[in-house]
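2 protein chains.
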Amino acid sequence: MNSIQATIITIGDELLIGQVIDTNSAYIAQALNKIGVSVSNRIAVGDSKEAIIDALNNASANNNVVILTGGLGPTADDITKPLLNEYFGGKMVIHQPTLEHITDIFVNKHKRPMIDRNRKQAEVPDVCEVLFNETGTAPGMLFKKDGVFYFSLPGVPHEMRFLTDKHVIPTIQNSFTTQPILHRTLLTAGIGESFLAELIADLENELPSFIKLAYLPNFGMVRLRLTATGKDENELTTNINAAFAKLKLAVAEYLVTDQDENMEVVVGKLLKQNNQTVSTAESCTGGYIGHLLSKHGGSSQFYTGGIISYDNRIKTEFLNVPEHILQTVGAVSQEAVEQMAKSVRESMKTDFAVSVSGIMGPSGQTDEKPLGMVWIGVASKEKVVSKVFYLRFDRLRNIEVTANQAINLLRLLIINKI
Amino acid sequence: MNSIQATIITIGDELLIGQVIDTNSAYIAQALNKIGVSVSNRIAVGDSKEAIIDALNNASANNNVVILTGGLGPTADDITKPLLNEYFGGKMVIHQPTLEHITDIFVNKHKRPMIDRNRKQAEVPDVCEVLFNETGTAPGMLFKKDGVFYFSLPGVPHEMRFLTDKHVIPTIQNSFTTQPILHRTLLTAGIGESFLAELIADLENELPSFIKLAYLPNFGMVRLRLTATGKDENELTTNINAAFAKLKLAVAEYLVTDQDENMEVVVGKLLKQNNQTVSTAESCTGGYIGHLLSKHGGSSQFYTGGIISYDNRIKTEFLNVPEHILQTVGAVSQEAVEQMAKSVRESMKTDFAVSVSGIMGPSGQTDEKPLGMVWIGVASKEKVVSKVFYLRFDRLRNIEVTANQAINLLRLLIINKI
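Residue numbers (the working numbering), protein chains in the order written: chain W, 1 to 418; chain B, 1001 to 1418.
Shown next as structure tokens:
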């Protein structure tokens, strides 16, 4: 049983001039990995016939599966479909179910007349299997040649995701025997990458050759991932579980979760378990903590709401931060964030609250308060705890790190570690 | 004068299993493009010696510049530095300024003893030029071979950005004569991609061969980009400006901005120009609108704050949405969002306000209110306007689209178009 290899080709000039960030590749890679298909590489090319054909030729040499995204839209810069038609020697024909589906979208949903350009979306090469796209107007396509499967998907993320889940993954599972790849991931907080590496150096050296360890630092926290590849899934499972158990023990003091999940998901689970709620009072993060807490389904069970007190006036009028605090120690202070957390918890009647106030950049610093200085406060019925951080990133990164550290501090309060 | 070509190689298993999204490539591509270097492709490979060497060999054939990111950390899965040392036939030596810099970070800033692993970060191949990294412990490196420049940068985004701006771009500008690439981008709202394509079909056909048009749909809005490449920058400028002027005229009815900027930046500029302020009342977006309005520098000039009324109780207690509205027409209703916008504007004393309430999924729908149904309200001193949307994406995407459409509705109110 050989390992099934795949490559992902993303198409679009916008990827090469950096106008958009490619999130599709990560989604597809994740889905393939879960079923034991390893991704040999990912390549992004422009809307250029030569570049796409080059990528296709290279891809077919070493892979069983090639996944292309992008270039299937209704406009002239979308060249993938005619190109694939030519590459695989087909001719264009109307796909009747897709035509009916497009007609329905335009005539019944959008209440707009359909134009030729929309009708053309229903044309497909006669040498492909159509992957019916319920979520949009561009059908997915599957071509097979010399044992290699070529999937062509629209670049619109939610359409790509739909077709990946509904067609690509099941088709691969039915057509190939895949080799197991197992991952175990944990998240640590409160220890830097190099110190963590020292802590687990012996353990890392003892790992069998078929298990790899990766360090994934983000938001001032480090994720560790074990990956095992091999033939016998049972044996792999036993081995990776044993190594993972040792790893968890070694980092126990810093362990946030032994699942591949984000900090806010960990905290959401804790709150739901305990039937508890949280509210937020955000200055410098401007709503980002609220966004993290509410971006996952089911968050209304624990997230009650918040005050975004961007202007100091809102801190006084909505969060009872006394004028004299703002005028003496200022809004970026222990006194201010503690009052903010306390007030919002009381007024929103929640079990916990989290608050932040800081200087995110690119300006706003003073002699005493440098760029990146941020106070974080958390409150429960019993106590209010706060901590100061000095960040050294750009504005957006400072916001993201602050929000993640704030949610971590909330976690420590919930589990009684501060 | 030939066009200078570059390729970007991102290194890390996490990219191939989809655990992280690659934002580095987009940043580098944008920076290269600005100085007239075109990116031929981007490739992501794993932490594998063979894969990296393969990518390096392929890259050197057709490119003047190769940029690698990742694999420079202090841990065992970071293999880029020894690999490049071997590839370019060097030997490892200590880089004294970097060693002093690392020592300073650990001893003076972190107040932690430095360990061997940290000291090793200061080792570099003697065949490279060191790109001093003020922002972190891993130095950047520049290798030159057969006229090709190879830059190796850390994968940590803010360090990569610093080294790109400080070293990579100036070095390329000093060493190569680049060919001009010009872009003009505009943003439309309120018209679908295929209808837009019809509207500008003649114009698109008339474009000279050295100007390309691209459609970039996002958040239910479409961005149009013209790209001109050629030899004579003055001639290119004249031509692209003429084509862009026609394009603007053709889409005037739907034009949001003729700059490559996001919706929230457009609205921020409008408010700053007019010395006006805005507040937010968010239910289903949970703070994401506040985040968009405050993520850019200078937003405290126009963004006052907001209420995140995730729980219905907060809608009543903080936004005066009457109980009977919640009990009859419900929280996802015209009545509720209009009251939310009105209340937050008055209580936060701002010129404008924006509010949202909807069903983002994956559950929460009722017979009358489907998943993806969202009401958006905007208020000024003179009036309150609201609009209903039916979205068909997943939860996160619904949140993003809602926030962008809400800010667009705010824009229309500010410029008196609704």
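Built from N, CA and C at the ideal position, the CB exists for glycine as well.
For V1356(B) versus T1285(B), is the C-beta distance shorter than 8 Å?
As a working note, residue 1356(B) is residue 356 in the second sequence. As a working note, residue 1285(B) is residue 285 in the second sequence. Against a cut-off of 8 Å, the Cβ pair of T1285(B) and V1356(B) comes out as a contact.
Measuring alpha carbon to alpha carbon, tell me which of L226(W), V374(W), G220(W) ends up nearest E429(W).
No statement about residue 429(W) is possible, as the shown extent of chain W runs from 1 to 418 and does not include it.
Distance cutoff 8 Å, beta carbons only. Does S1357(B) sit that close to anything in chain W?
Locating residue 1357(B) in the second sequence gives position 357, where the first residue counts as 1. Judged by the 8 Å Cβ criterion, S1357(B) is not in contact with chain W.
Could you give the C-beta distance for V1378(B) and V1344(B), rounded to a whole number, given that I count them as a contact under 8 Å?
Stepping through the second sequence from its first residue, residue 1378(B) is reached at position 378. Stepping through the second sequence from its first residue, residue 1344(B) is reached at position 344. The pair is not a contact, with the Cβ atoms about 11 Å apart (cut-off 8 Å).
Take G192(W) as the anchor and find which of Q1365(B), L1409(B), T1075(B) has the nearest alpha-carbon.
The residue given as residue 192(W) occupies position 192 in the first sequence. Ranking the options by Cα distance to G192(W), first place goes to T1075(B).
Compare the C-beta of I172(W) with all C-beta atoms of chain B and state if any pair is closer than 8 Å.
Here residue 172(W) refers to the residue found at position 172 when the first sequence is read from its first residue. By this cut-off, I172(W) is not an interface position.
Do you know how far the Cα of E1400(B) is from the Cα of P1139(B)?
Mapped onto the second sequence, residue 1139(B) falls at position 139. Mapped onto the second sequence, residue 1400(B) falls at position 400. If you take the alpha carbons of P1139(B) and E1400(B), they lie about 37 Å apart.
Starting from N118(W), find everything on chain B with Cβ-Cβ shorter than 7 Å and list it in chain order.
Taking the first sequence and counting its residues from 1, one reaches residue 118(W) at position 118. In chain order: S1194.
Could you please tell me which residues of the segment 179 to 205 of chain W, in chain order, have their CB closer than 9 Å to any CB of chain B?
So the close ones are I181, H183, T185, G192, E193, S194, F195, L196, A197, E198, A201, E204, N205.
Just to confirm, is the Cβ distance from F149(W) to V65(W) under 8 Å?
Taking the first residue of the first sequence as 1, we reach residue 149(W) at position 149. Taking the first residue of the first sequence as 1, we reach residue 65(W) at position 65. Closer than 8 Å, so yes.
Residue range of the unbroken beta strand (DSSP E) whose run includes H1291(B)
As a first step, residue 1291(B) must be located in the second sequence, where it is residue number 291. Here H1291(B) belongs to no beta strand (DSSP E); instead the alpha helix (DSSP H) covers 1288 to 1294.
Taking a cut of 7 Å between CB atoms, which residues from the segment 104 to 115 of chain W lie near chain B?
I115
Specify, as a first and last residue, the run of the beta strand (DSSP E) that T238(W) falls within.
Looking up residue 238(W) in the first sequence gives position 238. Run containing T238(W): none in the beta strand (DSSP E); it sits in the alpha helix (DSSP H), 233 to 250.
Which word fits R1395(B), buried or exposed, when buried means at least 16 other C-beta atoms lie within 10 angstroms of its C-beta?
Along the second sequence, read from residue 1 onward, the residue named residue 1395(B) stands at position 395. Buried, since its Cβ has 16 or more Cβ neighbours within 10 Å.
To the nearest angstrom, report how far apart M1001(B) and T135(W) are at their CA atoms.
Taking the first residue of the second sequence as position 1, residue 1001(B) is located at position 1. Taking the first residue of the first sequence as position 1, residue 135(W) is located at position 135. Bear in mind that a pLDDT of 42 at M1001(B), under 50, signals an unreliable position, so the number given afterwards is only what the model happens to contain. The straight-line gap from Cα to Cα measures roughly 47 Å.
Are T187(W) and M221(W) touching if we call contact CB-CB under 8 Å?
Residue numbering aside, residue 187(W) sits at position 187 when the first sequence is read from its first letter. Residue numbering aside, residue 221(W) sits at position 221 when the first sequence is read from its first letter. In the sequence as presented, Thr is not what sits at residue 187(W); that position holds Leu. In contact: L187(W) and M221(W) (Cβ atoms closer than 8 Å).
Starting from the beta carbon of D22(W), find every residue of chain B whose beta carbon is closer than 7 Å, and list them in chain order.
The sequence position of residue 22(W) within the first sequence is 22, counting from 1. Correct list: D1022.
Under a CB-based cut-off of 8 Å, is K1295(B) close to chain W?
Position 295 of the second sequence, counted from the first residue, corresponds to residue 1295(B). By this cut-off, K1295(B) is an interface position.
Assess, as a yes-or-no matter, whether the segment 1024 to 1041 of chain B is touched by the segment 1169 to 1177 of chain B under the definition of 3 or more beta carbon pairs within less than 8 Å.
yes
Counting only Cβ pairs nearer than 9 Å, list the residues of chain W close to F1393(B).
What you label residue 1393(B) is simply residue 393 of the second sequence in a count that begins at 1. The answer, in chain order, is T135, P157, H158.
Below 6 Å CB to CB, which residues in the same chain sit around D260(W) once its five sequence neighbours on both sides are set aside?
Sequence index remark: in the first sequence, residue 260(W) carries index 260 (1-based). Here the set comprises T185.
If we define contact as Cβ-Cβ less than 8 Å, is H953(B) a contact residue for chain W?
Residue 953(B) lies beyond the range of chain B shown here (1001 to 1418); nothing can be said about it.
Let's test the definition: count the other Cβ atoms within 10 Å of the Cβ of E92(W) and tell me whether it reaches 16, buried, or not, exposed.
One-based indexing of the first sequence puts residue 92(W) at position 92. Here the sequence assigns Met to residue 92(W), which means Glu is not the residue at that position. Exposed, because fewer than 16 other Cβ atoms sit within 10 Å of the Cβ of M92(W).
Sequence-distant residues of the same chain with beta carbon closer than 7 Å to I1421(B), five excluded per side
The question about residue 1421(B) has no answer here: the residues shown for chain B are numbered 1001 through 1418.
Any C-beta of chain W sitting closer than 8 Å to the C-beta of G1361(B)?
One-based indexing of the second sequence puts residue 1361(B) at position 361. Yes, because at least one Cβ of chain W sits closer than 8 Å to the Cβ of G1361(B).
Neighbour-count burial assignment, I17(W), 16 or more Cβ in a 10 Å radius:
Indexing the first sequence from 1 puts residue 17(W) at position 17. When all chains shown are included, I17(W) counts as buried.
Alpha-carbon to alpha-carbon, T1350(B) and L319(W)
Position 319 of the first sequence, counted from the start, is the residue given in the question as residue 319(W). Position 350 of the second sequence, counted from the start, is the residue given in the question as residue 1350(B). Going by the C-alpha atoms only, they are around 18 Å apart.
Tell me whether K342(W) is buried or exposed, calling it buried when 16 or more other Cβ atoms sit within 10 Å of its Cβ.
As a position in the first sequence, residue 342(W) is number 342, starting the count at 1. Per the 10 Å Cβ criterion, buried.
Three or more C-beta pairs closer than 8 Å, one from the segment 1114 to 1126 of chain B and one from the segment 1083 to 1100 of chain B: is that the case here?
yes
Please list the terminal residues of the continuous beta strand (DSSP E) segment that includes E1123(B).
Translated into positions along the second sequence, residue 1123(B) becomes position 123. Boundaries of the beta strand (DSSP E) harbouring E1123(B): 1123 to 1125, taken from the DSSP string.
Going by DSSP, what residues sit across from Q1005(B) in a beta bridge?
Counting from 1 along the second sequence, the entry for residue 1005(B) is found at position 5. According to the DSSP secondary-structure assignment, Q1005(B) is paired through a beta bridge with S1038(B).
Could you tell me if T137(W) is buried or exposed, where buried requires 16 or more neighbouring beta carbons within 10 angstroms of its beta carbon?
Taking the first sequence and counting its residues from 1, one reaches residue 137(W) at position 137. Buried is the call here.
Taking C-beta to C-beta, are T1332(B) and K1369(B) nearer than 8 Å?
Mapped onto the second sequence, residue 1332(B) falls at position 332. Mapped onto the second sequence, residue 1369(B) falls at position 369. At residue 1332(B) the sequence reads Val, which differs from the Thr that was named. Contact: yes.
Find the nearest neighbour of I1200(B) within the set L1213(B), S1209(B), P1208(B), S1003(B), judged by alpha-carbon distance.
Counted from its first residue, the second sequence places residue 1200(B) at position 200. Checking every option, the nearest Cα to that of I1200(B) belongs to L1213(B).
Please name the residue, chosen from T1237(B), G1190(B), L1216(B), that lies closest to F1210(B) on a Cα-to-Cα basis.
On the second sequence, position 210 is the one that residue 1210(B) refers to. Of the listed residues, the one whose Cα sits closest to F1210(B) is T1237(B).
Three-way DSSP call (helix, strand, coil) for G364(W) in this model:
Numbered from 1 along the first sequence, position 364 holds the residue referred to as residue 364(W). The answer is coil: DSSP assigns G364(W) none of H, G, I, E or B.
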